[in-house]
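Since the structure comes first, as structure tokens, the remarks are kept for the end.
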Amino acid sequence: MANSKVVTANNDIISGVNVAELQFCYALGCELEIIRYISGPRWHPDPAPARKFFSHVGIHLDDGEPFPLMPYSRIVQETHTISHTSEYLTKPGSPGFGRKYHYRIHLVGPGTFVKYIRRIY
């Protein structure tokens, strides 16, 4: 669950809470995300919200690192997470316990999206 600001193709801003099921692959040295939106505003132009799809490449920033300048892109979503269901982030004693995220998703080319992710402790 996350508080999000979504920028539409018409540059309208929609704010609200969205919920999605996420799956990640880190085998290639970066984050590849598969997503299925359940409710709330979403940035992705997915015509079938119940369908899972490859969403974007995610890049985790180092602690304290600012978001990079992306002058030739367009931010399509900026989000602050509220809660997670992943055991890694919810189980006491886990290295990620209690962690939240602040992220920005950029449209960098037709159908190509990059998500910069900042950890919040």
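The opening residue of the sequence shown carries number 29 in my numbering; numbering runs sequentially from there.
Backbone N, C-alpha and C define an ideal beta-carbon position, used for all residues, glycine too.
Apart from the 5 residues on each side of it in sequence, C58 sits with its Cβ closer than 8 Å to the Cβ of V85, G86 and I87 in its chain, given in chain order. In the three-state reduction of the DSSP assignment, E93 falls in the coil class, being assigned neither a helical nor a strand state. In the assembly as shown, I133 is a buried residue. Its beta-carbon has 16 or more other beta-carbons within 10 Å. For L50, the three-state secondary structure derived from DSSP is strand.
For Y65, the enclosing beta strand (DSSP E) covers residues E59 to S67. The Cβ atoms of L97 and I145 lie no closer than 8 Å to each other. Comparing alpha carbon positions, the residue from N39, E61, H72 and L56 closest to N46 is H72.
For L117, the enclosing alpha helix (DSSP H) stretches over residues E115 to T118.
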